[in-house]
Amino acid sequence: MSHFKLEAAHWALALVVITACTRGDSRVHIEHVAFTRDVLGADVAGYFTVRLDGSPLDSVAEVSLAEAQIGSMQTVQAHRSTVGSNSLTMMMPVGPVPIGPTGIRRFAPGGYTAVFYGMRRPLVPGDSVTLTVTMTSGRKASVVAPILVYDSLEAALDPTSLTRQSTDAPTAMEGARLYRANGCASCHGAEGRGDGPVGHTLVPPPRDFRLPTSFKSGTDAQSIARTLAIGMPAGGSMPLFAHLTNHERRALALYLVSLRTSLSERSSTP
Numbered sequence: 067m068s069h070f071k072l073e074a075a076h077w078a079l080a081l082v083v084i085t086a087c088t089r090g091d092s093r094v095h096i097e098h099v100a101f102t103r104d105v106l107g108a109d110v111a112g113y114f115t116v117r118l119d120g121s122p123l124d125s126v127a128e129v130s131l132a133e134a135q136i137g138s139m140q141t142v143q144a145h146r147s148t149v150g151s152n153s154l155t156m157m158m159p160v161g162p163v164p165i166g167p168t169g170i171r172r173f174a175p176g177g178y179t180a181v182f183y184g185m186r187r188p189l190v191p192g193d194s195v196t197l198t199v200t201m202t203s204g205r206k207a208s209v210v211a212p213i214l215v216y217d218s219l220e221a222a223l224d225p226t227s228l229t230r231q232s233t234d235a236p237t238a239m240e241g242a243r244l245y246r247a248n249g250c251a252s253c254h255g256a257e258g259r260g261d262g263p264v265g266h267t268l269v270p271p272p273r274d275f276r277l278p279t280s281f282k283s284g285t286d287a288q289s290i291a292r293t294l295a296i297g298m299p300a301g302g303s304m305p306l307f308a309h310l311t312n313h314e315r316r317a318l319a320l321y322l323v324s325l326r327t328s329l330s331e332r333s334s335t336p
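Under our numbering, think of the first position of the sequence shown as 67, with each following residue one higher.
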């Protein structure tokens, strides 16, 4: 078993204990909790499930960390570009989050997300933080949960994902299929030159994947895969691709790396 799967399995087991250690109103349960650093421009982002016993007619009004000065909630919303009328999927602030008739509300990558700023102490993967969720009704509950690297979130939030993961290594060929299937060409162009039809309407323009310098958060496949997961919250229109699995994001990143060309090749390209 790989180091990643060992770590993910460790935290999946730990989260069973975390679920049982929720403190506060006995009718409010916080389950499958995990945090990661440097996502969406926040110091820490949190994901979890809120489950209510009794009446589900309530909302998550506030999230806070004992270790953070500021906490808020965001969700995916349509976001119009500065130029043109095309909509992109971006994270935007949101008010109280309703629980709904099932009595369950998930905060998950690509959906509702708790974000925190102004850490009172430096945090690294392996540290634990204390989350408090306050409902509109005044009910609240607290739980202690780990800080994970982003790639470990998938298994920590959904332990069954370990059994569904592909045993094959991701490939650039698989990434090429994902590039086409997920509409990347509409902004970045069929060959990744940043010349897609939607790309012409965006400010700043889409990245030209032939240039290694296009990747501001790291040029290796692992760093690119992380950017695909969290998007570019500042200085760009890059949407989130949190719906993809870790395996799919790695494959897509390998394909983007394969698009890089030498300076002489670029100068001869019309």
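Every residue gets a Cβ at the ideal spot worked out from N, C-alpha and C, and that includes glycine. Just so we're clear, the structure is a prediction, and the values are computed from it rather than from any experiment.
Query raised in the report: Taking the alpha-carbon positions, what's the V323 to L244 distance?
Result: 14 Å
Query raised in the report: V99 and V209 look like a contact to me (Cβ under 8 Å); what is the Cβ gap, rounded to whole Å?
Result: 6 Å
Query - Nearest neighbour of L123, chosen from G265, D217 and G166 [CA to CA] - result: G166
**Report entry** Top-ranked residue by Cα proximity to T141, from P162, L131 and P236
**Finding:** P162
Query raised in the report: Sorted by chain position, which residues of the same chain lie with C-beta nearer than 7 Å to R315's C-beta, five sequence neighbours on each side aside?
Result: Excluding sequence neighbours, R315 sits near A291, L294, A295 and F307.
Query - Y113, enclosing beta strand (DSSP E) - first and last residue - result: For Y113, the enclosing beta strand (DSSP E) has its first and last residue at A108 to L118.
Report task. Take every Cβ of the region 270-281, pair it with every Cβ of the region 189-196, and state whether three or more of those distances are shorter than 8 Å. Result -> No, because fewer than three Cβ pairs between the region 270-281 and the region 189-196 fall closer than 8 Å, the two stretches do not touch.
**Report entry** Coarse secondary structure for Y178, derived from DSSP in three states
**Finding:** coil
Query raised in the report: Is it right to say T102 is buried, meaning 16 or more other beta carbons lie within 10 angstroms of its own, or is it exposed?
Result: It is buried - the Cβ of T102 has at least 16 other Cβ atoms within 10 Å.
Query raised in the report: To the nearest angstrom, how far is it from the Cα of L318 to the Cα of A111?
Result: Whole-angstrom Cα-Cα distance: 24 Å.
Requested in this report: Report the option in E240, L131, S252 and T285 whose CA atom is closest to the CA atom of Y183.
Outcome: In terms of Cα proximity to Y183, the closest of E240, L131, S252 and T285 is L131.
Report task. Please name the residue, chosen from T168, S283, G169 and S125, that lies closest to V160 on a Cα-to-Cα basis. Result -> Of the listed residues, the one whose Cα sits closest to V160 is S125.
Query raised in the report: Just curious, the beta strand (DSSP E) that V195 is in, first and last residue?
Result: S194 to M201
Report task. Have a look at D261 and C253 and give me their C-alpha separation to the nearest angstrom. Result -> 7 Å
Query raised in the report: What is the DSSP secondary structure of G262, reduced to helix, strand or coil?
Result: coil
Query raised in the report: Among the residues of its own chain, which have a CB less than 6 Å from the CB of T115, if the five just before and after it don't count?
Result: E97, H98 and R172
Query raised in the report: Do you know offhand how far M157's Cα is from G137's?
Result: Whole-angstrom Cα-Cα distance: 15 Å.
Query raised in the report: When the Cα of S280 is compared with those of M304, N248, I213 and L223, which residue comes out closest?
Result: M304
Requested in this report: For T202, collect the residues of the same chain with a Cβ closer than 7 Å to its Cβ; drop the 5 residues on either side in sequence, then sort them by chain order.
Outcome: D124, S125, A127 and P162
Query - Assumed close pair A174, L223 - CB separation to whole angstroms, cut-off 8 Å - result: 6 Å
Requested in this report: Closer than 6 Å by C-beta to P164: which residues in its own chain qualify, once you throw out the five before and the five after it? Chain order, please.
Outcome: S125
Query - Pairwise C-alpha distance: V129 and V199 - result: 5 Å
Query raised in the report: Quick one: what does DSSP say P191 is sitting in, helix, strand or coil?
Result: strand
Report task. Could you please give me the residues that DSSP links to Q288 through a beta bridge? Result -> Paired residues: none, contrary to the question.
Query raised in the report: Nearest to R186 by alpha carbon, out of E133, S289, S283 and H313?
Result: R186 has its Cα closest to that of E133, out of E133, S289, S283 and H313.
Requested in this report: Would you mind stating whether Y214 and P191 have Cβ atoms separated by less than 9 Å?
Outcome: According to the sequence shown, residue 214 is Leu rather than Tyr. Result yes, Cβ atoms of L214 and P191 sit closer than 9 Å.
Requested in this report: Thinking G255 and G265 are a contact (beta carbons under 8 Å), I'd like their distance in whole angstroms, please.
Outcome: 7 Å
Query raised in the report: On the three-state DSSP scale, how would you describe H95?
Result: strand
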